[in-house]
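So the structure is just underneath, and the comments pick up after that.
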Amino acid sequence: MRVKHLLGHQSLKYKNALRATGEVIMPFKRPRPPPVPHATNSSSTSTLLSTNHEHKRLRRGCLHGIKAYILSAKIDGAEYEILIGEAEENGAELCKTPAEADIIVTAIGMKKRLERHIDWNMAKGKAVVRPDWIRDSVKKSEALPCGDYAAISDLLDSSIENCPESSSSQSQPPDQAEASTSQHQSTKESTLPDLVYEPRYKSRFACERYSPLICPNQDLVKELHIIKLAREMESEERSALSYSRAISAIKAFPEKIKSMSQISDIPYLGDKLTGMIQEFLSKSTISQARQLSSDTRYQTLISFTSVYGIGPHTARHLYDLGLRTFDDLSRYLGSDDNAEGSGGSFAWREGLRLRDELSVKIPRAEVEEMGRLVDNALQDILPGSESTICGGYRRGKLESNDVDIVFTHPQGQGNKANNMIARLVERMRKDGLITHTMHAPSVRSKGSLRPPTNHDGWDTLDKSLTIFNLPKTSPYYKGIHRRLDLIYAPREVYWTAVVGWTGSTMFERDLRLWAKQKGLKFDSSGITRRRDTKALYATSERDVFKLLELEWIEPRLRNADL
DNA sequence: CGGCAATTCA
DNA sequence: CGTAT
DNA sequence: GCCG
2 MRVKHLLGHQ
12 SLKYKNALRA
22 TGEVIMPFKR
32 PRPPPVPHAT
42 NSSSTSTLLS
52 TNHEHKRLRR
62 GCLHGIKAYI
72 LSAKIDGAEY
82 EILIGEAEEN
92 GAELCKTPAE
102 ADIIVTAIGM
112 KKRLERHIDW
122 NMAKGKAVVR
132 PDWIRDSVKK
142 SEALPCGDYA
152 AISDLLDSSI
162 ENCPESSSSQ
172 SQPPDQAEAS
182 TSQHQSTKES
192 TLPDLVYEPR
202 YKSRFACERY
212 SPLICPNQDL
222 VKELHIIKLA
232 REMESEERSA
242 LSYSRAISAI
252 KAFPEKIKSM
262 SQISDIPYLG
272 DKLTGMIQEF
282 LSKSTISQAR
292 QLSSDTRYQT
302 LISFTSVYGI
312 GPHTARHLYD
322 LGLRTFDDLS
332 RYLGSDDNAE
342 GSGGSFAWRE
352 GLRLRDELSV
362 KIPRAEVEEM
372 GRLVDNALQD
382 ILPGSESTIC
392 GGYRRGKLES
402 NDVDIVFTHP
412 QGQGNKANNM
422 IARLVERMRK
432 DGLITHTMHA
442 PSVRSKGSLR
452 PPTNHDGWDT
462 LDKSLTIFNL
472 PKTSPYYKGI
482 HRRLDLIYAP
492 REVYWTAVVG
502 WTGSTMFERD
512 LRLWAKQKGL
522 KFDSSGITRR
532 RDTKALYATS
542 ERDVFKLLEL
552 EWIEPRLRNA
562 DL
């Protein structure tokens, strides 16, 4: 029965996630105000400080001035992120402890359970509301009465009593620059140099644009994707990159393309791509893509590269040898007389053996189950550690190809946390959860060996690429192996690692280009100033964006691929 | 025409 | 170098 | 294959 409950619960969240991607978050499809540059300090209250450097758009969100504490218990990671995002986005001040807060947001509905997290007497002095208070308040653009959202019946009265009021008097227009779909005035009026911002589809970098999981031009994008893959199969990487960029630019375009006039300011559409789009508009297909789809070479190369460890080069080689099917491949690898690559053979054999299982997508609920098991093992090894499921899951994908989990050691002093990856993997291997390690982190052990780059400690950023299998006792057990990537990041770079492992690929590539252009260097192991390689540490995910001088883009809008 | 992300592992 | 992230 |  517990199982049933869980399932129901999950699928509910699942729907919410969908809805979130589709309408709540999407900034474009709101009724938009007339195309007036409503950016600067036209509206009253704003203080000067907002004008200059940070292009604060004076959004005095509907929760402005409210101090909130969001209790993470009983809220899954992704949902929690959304709540935090929405609260912060709308001006709430998030507290680290319930004591500092005016309002406590929790999914817990029972007094007994809440008391495990929050002192009851303290709770009585505050408003304690359900998470939907945030969403509904945001929707209505005003802080709603807490009484309607009391999380716990015993606290109804005190919640009404202590309900905080937003200090933003007037509700404001939905901030956040919905890309006016019309080709926007180039606003000369207040020639402030930094008036060009608003992440929108015209931006040159994917990390400035809002890219939903599914876009209005998804069919077009799929067609281009085929051509891109073909270029990759033939190792025409630069060409492939251009298709990737075109795809990611189109993914950020907020409306269905019906005529060529619409696409004139989408970047990365040159002669070739423009021609293809034109064709697509009239025929709903692109001949090149159609042709490739039925091409034996293309199909074969695609299938061969789906084997872990086989890339384009090897795939072409195998194809040239005359192999066409997995059976051929299997036979070929089986006869170990083949002169070449007996080095790679083992990996390929394993890859081939597991291929069918690994090609099965992982539903969100199961990803979450995997996350729990990893975290349990982690807490056992080092209590107080933290982990975040990143990758496609975090971007809101309904099914994942693999699971990426970034973790760090407990706060406290220093790096007494050594060999976290090795210990975690070993523990999970003993428990039968991890069956293979594709790849071990280099043995950077203690002792006299000095790690090349790093200051005092040893482990900077380690990862293990593994094969995972749920225990038979799990309600989600299907006996299917899964790809699981475990990434350890030291505390100081935890949030950079989370951003780095959330993707998508194009989003990450452009993050790095963007950083470079800003005189910085970004990767999942940190942000450094190029000048002097001085490290900049972020204390939250939003802080990563801030340090990079980037507008915040939430994980579900970082789907700049596919 | 140069640049296109950046790094690690076997 | 090819492949993986 | 596109951009500065």
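Heads up: the first sequence is residues 2 to 563, going by the working numbering.
The C-beta atom is built at its ideal place from N, Cα and C for all residues, glycine as well.
- Query: Are VAL222 and ILE248 close, meaning C-beta to C-beta below 7 angstroms?
  - Reply: Their beta carbons are under 7 angstroms apart, which means VAL222 touches ILE248 by this criterion.
- Give the straight-line distance between the Cα atoms of ALA340 and LEU324, rounded to the nearest whole angstrom. Because ALA340 sits at a pLDDT of 47, beneath the cut-off of 50, its placement in the model cannot be relied upon, and the point is left open.
- Query: On the three-state DSSP scale, how would you describe VAL404?
  - Reply: Strand.
- Identify every run of the alpha helix (DSSP H) within the region 306-367, keeping only runs that are complete inside it and at least 4 residues long; order them along the chain. Fully enclosed alpha helix (DSSP H) runs of no fewer than 4 residues occupy 313-321, 327-335, 343-359 of the region 306-367, in order along the chain.
- Message: Using CA atoms only, rank isn't needed, just tell me which of TRP502, THR540, LEU549 is closest to LEU521.
- Response: If we check each option's Cα against that of LEU521, LEU549 comes out closest.
- Grouping DSSP H, G and I as helix and E and B as strand, with all else coil, what is GLU387? In the structure shown, GLU387 falls within a strand segment according to DSSP collapsed to helix, strand and coil.
- Which residues mark the beginning and the end of the alpha helix (DSSP H) in which THR503 is found? Segment 495-503, the alpha helix (DSSP H) holding THR503.
- Query: Taking C-beta to C-beta, are PRO556 and ARG365 nearer than 7 angstroms?
  - Reply: With a cutoff of 7 angstroms on beta-carbon distance, PRO556 and ARG365 are scored as not near each other.
- Message: Can you give me the C-alpha to C-alpha distance between GLY335 and ASP296, rounded to a whole angstrom?
- Response: Rounded to the nearest angstrom, the two C-alpha atoms are 27 angstroms apart.
- Task: Alpha carbon to alpha carbon, how far is TRP349 from ARG131? Give it in angstroms, no decimals.
- Result: The straight-line gap from Cα to Cα measures roughly 50 angstroms.
- Item | For ALA378 and ARG428, the rounded distance between their alpha carbons | Inter-residue distance for ARG428 and ALA378 is about 7 angstroms (C-alpha atoms, whole angstroms).
- Task: Classify PHE206 as helix, strand or coil using the three-state DSSP reduction.
- Result: Residue state, collapsed to three classes: coil.
- Message: Tell me the rounded alpha-carbon separation between VAL368 and GLN279.
- Response: Approximately 40 angstroms between the Cα atoms of the pair.
- Could you name the residues of the same chain whose beta carbon sits closer than 6 angstroms to that of ILE422, not counting the 5 residues immediately before and after it, in chain order? By the criterion of a C-beta distance shorter than 6 angstroms, ILE422 is surrounded in its chain by PRO442, ASP463, SER465, TYR489, once the five residues flanking it on both sides are discounted.
- Message: Taking 8 angstroms as the limit between beta carbons, can you name the residues of its chain near LEU322, skipping five residues before and five after?
- Response: Excluding sequence neighbours, LEU322 sits near TYR333.
- Does DSSP put GLY9 in a helix, a strand or coil? No answer about GLY9 holds up, because its pLDDT of 28 lies below 50 and its placement is not dependable.
- Message: If you follow the beta strand (DSSP E) that LYS522 is in, where does it begin and where does it stop?
- Response: It spans 521-524 - the beta strand (DSSP E) in which LYS522 sits, taken as one unbroken run.
- Query: What are the boundary residues of the beta strand (DSSP E) that SER262 is part of?
  - Reply: From DSSP, SER262 is part of no beta strand (DSSP E); its letter is neither H nor E.
- Query: From what residue to what residue does the beta strand (DSSP E) around GLY527 run?
  - Reply: Note, GLY527: beta strand (DSSP E), 527-530.
- Message: Helix, strand or coil for ARG483? Go by DSSP, reduced to three states.
- Response: Note: ARG483 maps to strand in three-state DSSP.
- Would you call the region 224-237 and the region 273-289 touching, i.e. three or more CB-CB distances under 8 angstroms? Contact between the region 224-237 and the region 273-289 is established, with three or more Cβ pairs separated by less than 8 angstroms.
- Query: Taking just the CA atoms, how far does ALA93 sit from LYS68?
  - Reply: For LYS68 and ALA93, the distance between alpha carbons rounds to 6 angstroms.
- Item | Sequence-distant residues of its chain with Cβ nearer than 8 angstroms to ALA516 (five each side left out) | Excluding sequence neighbours, ALA516 sits near LYS522, PHE523, ILE528, LEU549.
- Give the secondary structure of TYR489 by DSSP, where H, G and I count as helix, E and B as strand, and everything else as coil. The answer is strand: DSSP assigns TYR489 an E or B state.
- Around the Cβ of GLY413, are there at least 16 other Cβ atoms within 10 angstroms (buried) or fewer (exposed)? So GLY413 counts as exposed.
- Message: Under 8 angstroms: do the region 201-216 and the region 254-268 share three or more Cβ pairs, one atom per stretch?
- Response: The answer is yes - the region 254-268 touches the region 201-216, with three or more Cβ pairs under 8 angstroms.
- Span separating the alpha-carbon of ILE390 from that of GLN380: Cα to Cα, ILE390 sits roughly 15 angstroms from GLN380.
- Comparing alpha-carbon positions, which option in GLY312, GLN289, SER288, ALA316 lies nearest ARG298? Checking every option, the nearest Cα to that of ARG298 belongs to ALA316.
- Tell whether a beta-carbon distance below 7 angstroms holds between ASN560 and LEU319. No, Cβ-Cβ distance for ASN560 and LEU319 is not below 7 angstroms.
- Item | Extent of the continuous alpha helix (DSSP H) run through LYS398 | That residue, LYS398, is in no alpha helix (DSSP H); it is neither H nor E in DSSP.
- Near VAL494, which residues of its chain fall below 6 angstroms by C-beta distance, leaving aside the five closest residues on each side in sequence? If we look at VAL494 and ignore the five residues flanking it on each side, its Cβ neighbours are SER526, GLY527.
- Query: Secondary structure at ILE215, three-state DSSP: helix, strand or coil?
  - Reply: Of the three classes helix, strand and coil, the one that applies to ILE215 here is coil, per DSSP.
- Message: Alpha carbons only, please: which of GLN263, GLN289, SER262, SER285 is nearest the one belonging to LYS273?
- Response: The closest CA to that of LYS273, considering only GLN263, GLN289, SER262, SER285, is found on GLN289.
- Message: Whole angstroms are fine: how far does the CA of LYS519 sit from the CA of MET371?
- Response: If you take the alpha carbons of MET371 and LYS519, they lie about 38 angstroms apart.
- Item | Cβ neighbours of ASP544 in the same chain (closer than 7 angstroms, five flanking residues each side left out) | Counting only Cβ-Cβ distances below 7 angstroms, and skipping sequence neighbours, we find TRP496.
- Task: Taking ASP463 as part of the beta strand (DSSP E), name the residues at either end of that continuous run.
- Result: 463-469 is the span of the beta strand (DSSP E), which, as asked, contains ASP463.
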